[in-house]
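Each residue of the sequence shown is one higher than the last, beginning at 19 in our numbering.
Quick reminder that beta carbons are idealized off the backbone N, C-alpha and C, glycines included.
Because the structure is a prediction, the values reported are computed rather than measured.
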Amino acid sequence: MSKFSLQNIFMKKFIFTFIIIYIIIISIMILIINYFFDYKILPSMENEIMYSLNVYINQLENTLYSNDEKYYIISKAILNHLTELNSTNIENNIKKFESIKNDYITPDITNINYYIINNDGIIIQTDYTNDLNMDLKSKYPEMMNSILKLETNKYNIQKTNFFIDFNKTRFYSFLRISEDFIFEIGIEISNSFIENFLNQFSIDNKEKSYVKKINIFNKYYKSYIDDNYATIEDKNSFFNIKDSDNFFILRKNNNINSIYRAFKLNKENSFDYDYNFLIKLDMDFNEISKYKSYLCLLFIIISIIVLFIMYTIQTKNLKMLIKPLKLLHENIIHKEKIIKAPKVKIKEIDDIIYSYNDLIDKLKKDMNLVMELNKKLSYNIRQKEIAEIKLLKLASKDDLTNTYNRRKCFEFIKDHIKLSNQKDTMFSLIFIDLDKLKSVNDNYGHSEGDKYLLNISKAIKYSLGKDDILCRFGGDEFIIIINSSDFYYIDKTLDLIKENASKIKLKNNLKYDLEFSFGISIYKPNEGLNARDLIDLADERMYINKKSKKLDL
Numbered sequence: 019m020s021k022f023s024l025q026n027i028f029m030k031k032f033i034f035t036f037i038i039i040y041i042i043i044i045s046i047m048i049l050i051i052n053y054f055f056d057y058k059i060l061p062s063m064e065n066e067i068m069y070s071l072n073v074y075i076n077q078l079e080n081t082l083y084s085n086d087e088k089y090y091i092i093s094k095a096i097l098n099h100l101t102e103l104n105s106t107n108i109e110n111n112i113k114k115f116e117s118i119k120n121d122y123i124t125p126d127i128t129n130i131n132y133y134i135i136n137n138d139g140i141i142i143q144t145d146y147t148n149d150l151n152m153d154l155k156s157k158y159p160e161m162m163n164s165i166l167k168l169e170t171n172k173y174n175i176q177k178t179n180f181f182i183d184f185n186k187t188r189f190y191s192f193l194r195i196s197e198d199f200i201f202e203i204g205i206e207i208s209n210s211f212i213e214n215f216l217n218q219f220s221i222d223n224k225e226k227s228y229v230k231k232i233n234i235f236n237k238y239y240k241s242y243i244d245d246n247y248a249t250i251e252d253k254n255s256f257f258n259i260k261d262s263d264n265f266f267i268l269r270k271n272n273n274i275n276s277i278y279r280a281f282k283l284n285k286e287n288s289f290d291y292d293y294n295f296l297i298k299l300d301m302d303f304n305e306i307s308k309y310k311s312y313l314c315l316l317f318i319i320i321s322i323i324v325l326f327i328m329y330t331i332q333t334k335n336l337k338m339l340i341k342p343l344k345l346l347h348e349n350i351i352h353k354e355k356i357i358k359a360p361k362v363k364i365k366e367i368d369d370i371i372y373s374y375n376d377l378i379d380k381l382k383k384d385m386n387l388v389m390e391l392n393k394k395l396s397y398n399i400r401q402k403e404i405a406e407i408k409l410l411k412l413a414s415k416d417d418l419t420n421t422y423n424r425r426k427c428f429e430f431i432k433d434h435i436k437l438s439n440q441k442d443t444m445f446s447l448i449f450i451d452l453d454k455l456k457s458v459n460d461n462y463g464h465s466e467g468d469k470y471l472l473n474i475s476k477a478i479k480y481s482l483g484k485d486d487i488l489c490r491f492g493g494d495e496f497i498i499i500i501n502s503s504d505f506y507y508i509d510k511t512l513d514l515i516k517e518n519a520s521k522i523k524l525k526n527n528l529k530y531d532l533e534f535s536f537g538i539s540i541y542k543p544n545e546g547l548n549a550r551d552l553i554d555l556a557d558e559r560m561y562i563n564k565k566s567k568k569l570d571l
């Protein structure tokens with residue numbers, strides 16, 4: 019039976035050059051429509067709204083400059099009152115200021131505050147408590163270097179400043195009332211001119227349906243409208259603005275764009291801000307873009323019709339391929355190997371079945387090999403872990419008494435010294451030397467000597483607290499590490515050791531006493547002793563104890 023390759027079927031049935039050309043033409047037309055809309059119509063509208071926004075910003079600046087003249091006259095009038103007072107006394111100037119300030123408050127002035135500044139640029143007295151003790155010289159060095167040079171009865175009047183920390187507009191003036199102090203006046207101005215700017219812009223651009231919302235923020239991304247902060251997306255967009263004359267346009271999905279603009283009102287002020295305001299303008303071009311959508315939809319419908327005709331013509335031939343592929347898929351899911359292959363005239367499918375069966379055989383062999391190797395590996399890992407545990411025990415424990423050995427003893431003492439220095443606590447060492455080990459070895463043999471060591475180590479273990487540590491330091495020498503410097507506790511521990519030793523002697527009918535000599539050393543934090551020093555000190559005191567026993571005898 020002759021078989022046809024999959025490649026031949028597709029080559030004979032799907033080469034319709036006129037359809038491919040037609041689809042290419044449709045694609046090119048859609049690209050042209052999108053290009054015209056995205057690069058001609060939208061930029062034109064954006065440029066128009068950016069020009070309008072610049073016009074309103076210029077109007078806002080003109081409003082500010084006219085207000086500067088008004089607040090300049092008010093500040094100068096208040097300063098003239100204080101100059102006429104000609105008093106170097108701070109309280110006199112404050113009383114004069116309080117008596118006249120209400121005469122100058124207008125609907126657009128929310129408050130007038132005073133500040134007394136010393137020659138270090140620090141506010142030492144004010145009726146605006148939030149600024150008390152503020153270091154103006156450090157915060158505004160350029161401005162304060164000029165202000166602090168004022169001569170007595172001379173003044174300096176600033177232009178309007180926008181404090182981006184808390185969204186307030188201020189107008190400041192300064193008068194030196196004495197060699198030591200400067201009297202500052204701060205006029206707090208209502209932000210209504212910003213609200214008027216936003217409202218007027220929205221009203222004048224109402225006929226532009228794509229202009230949706232305008233918002234204005236300070237440099238810290240706090241809104242002047244509702245005191246909310248900008249989103250992460252807005253912050254990233256504002257970050258793309260390199261200076262106060264630039265726009266940044268964020269083009270989102272669904273034809274929704276946002277224009278970002280930074281600008282600085284009153285550029286001649288002395289405060290070190292790059293810009294005072296950040297503006298975000300949202301635009302929605304969905305209504306305009308619907309015509310583009312209609313045109314694109316028309317071309318899409320035409321292409322769908324053409325494709326449907328192609329589909330109906332080729333359905334019969336495609337079934338020839340789809341049916342055996344489905345049968346092949348079902349056999350692969352339900353069986354490890356394909357026993358009964360579907361009868362088709364496609365050579366490639368027979369090749370796939372043969373390759374698949376061969377792959378299954380190889381995978382089974384490999385899996386069996388992997389399982390054997392895993393078993394061996396698991397056994398070797400377990401044996402290694404057991405050996406490591408044994409080595410660790412041998413490295414830290416004494417074989418005879420199962421107490422910690424000399425090397426581990428030094429490690430424990432060093433750790434206790436480190437912890438003591440960190441937590442400012444003390445700990446103690448008890449150095450124990452067995453009095454009769456040599457005599458027992460000589461009279462009863464070394465086997466009995468080993469029992470002596472075991473019995474005395476048991477007596478000590480039974481007497482210690484849960485945090486105390488016992489180490490065999492040498493042949494007949496033991497060291498106890500106690501987390502305390504309490505002599506009562508240490509004395510009680512030694513009494514318990516003696517008591518337990520007596521009990522063990524009686525229980526085992528020993529012919530000799532389990533006697534020992536001891537010496538105590540106490541570590542105090544940061545006194546400079548190391549582990550060797552503490553052991554030597556306890557050893558010296560042990561010998562004194564042993565010597566005193568001989569003298570008593």
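For residue i, list the residues DSSP reports as bridge partners.
i      : result
Lys231 : Asp300
Ala280 : Leu296
Phe536 : Ile450
Ile135 : Ile141, Ile200
Ser241 : Phe235
Cys314 : In the DSSP output, where bridge partners are listed per residue, Cys314 has none listed.
For residue i, which of helix, strand or coil comes out of DSSP?
i      : result
Ala248 : coil
Leu12  : Coverage of the chain is limited to positions 19 through 571, which leaves residue 12 absent and any answer about it impossible.
Asp198 : coil
Asn275 : strand
Thr12  : This structure does not reach residue 12, given that the chain is present from 19 up to 571, and the question cannot be answered.
Lys529 : coil
Glu7   : With the chain covering 19 to 571 only, the question about residue 7 has no answer from this structure.
Thr147 : helix
Phe505 : helix
Glu495 : strand
Lys415 : strand
Ile92  : helix
Asn287 : Here Asn287 scores only 49 on pLDDT, less than 50, and its place in the model should not be relied on; the value that follows carries that caveat. Asn287 falls in the coil class under three-state DSSP.
Asp153 : strand
Ile431 : helix
Thr128 : strand
Tyr158 : coil
Leu193 : strand
Ile553 : helix
Ile500 : strand
Leu455 : helix
To which residues of the same chain is residue i closer than 8 Å at the C-beta, ignoring the five residues directly before and after it?
i      : result
Lys285 : Here Lys285 scores only 49 on pLDDT, less than 50, and its place in the model is too uncertain to base an answer on.
Asn223 : Ile67, Ser70, Val229
Asp486 : Ile498, Ile499, Ile500, Asn501, Thr511
Leu418 : Asp468, Leu471, Leu472, Arg490
Residues in the same chain with beta-carbon distance under 7 Å from residue i, minus the five sequence neighbours each way, listed in chain order, please.
i      : result
Lys523 : Asp531, Leu532
Ala18  : Since the displayed the chain opens at 19 and closes at 571, residue 18 lies outside it and no answer follows.
Ile318 : none
Phe215 : Tyr74, Leu78
Phe491 : Arg424, Cys427, Ile497
Lys94  : Ile175
Tyr90  : Ile175
Asp451 : Asp494, Glu495, Phe534, Ser535, Met560, Lys564
Ser321 : Ile41, Ile44
Under 6 Å Cβ to Cβ from residue i, same chain only, skipping five residues before and after it: list those, please.
i      : result
Thr170 : Arg194
Pro543 : Ser438, Asn439, Asp442
Ile274 : Asp302
Tyr146 : Asn131
Phe266 : Ser255, Asn258, Ile259, Tyr278
Asp509 : none
Lys119 : Ile130
Between the segment 99-108 and the segment 234-247, can you find at least three pairs of beta-carbon atoms closer than 8 Å? no
At a cut of 8 Å, does the segment 511-519 reach the segment 475-486 through at least three beta carbon pairs? yes
Say whether the segment 67-87 touches the segment 142-157, bearing in mind that this needs 3 or more beta-carbon pairs closer than 8 Å, one atom from each stretch. no
Decide yes or no for the touch test of the segment 517-531 against the segment 551-571: beta carbon pairs closer than 8 Å, at least 3 of them. When C-beta atoms of the segment 517-531 are compared with those of the segment 551-571, fewer than three pairs fall below 8 Å, so the two segments do not count as touching.
Does the contact criterion of 3 or more C-beta pairs under 8 Å hold for the segment 161-178 versus the segment 187-206? The segment 187-206 and the segment 161-178 touch, with three or more beta-carbon pairs separated by less than 8 Å.
Is it true that the segment 46-55 meets the segment 304-322, where meeting means three or more beta-carbon pairs spaced less than 8 Å apart? yes
How do the segment 206-222 and the segment 119-128 stand: do at least 3 beta-carbon pairs fall below 8 Å, yes or no? yes
Would you mind listing the alpha helix (DSSP H) stretches within the segment 38-122 that are 4+ residues and don't spill past its ends, in chain order? 60-103, 108-118
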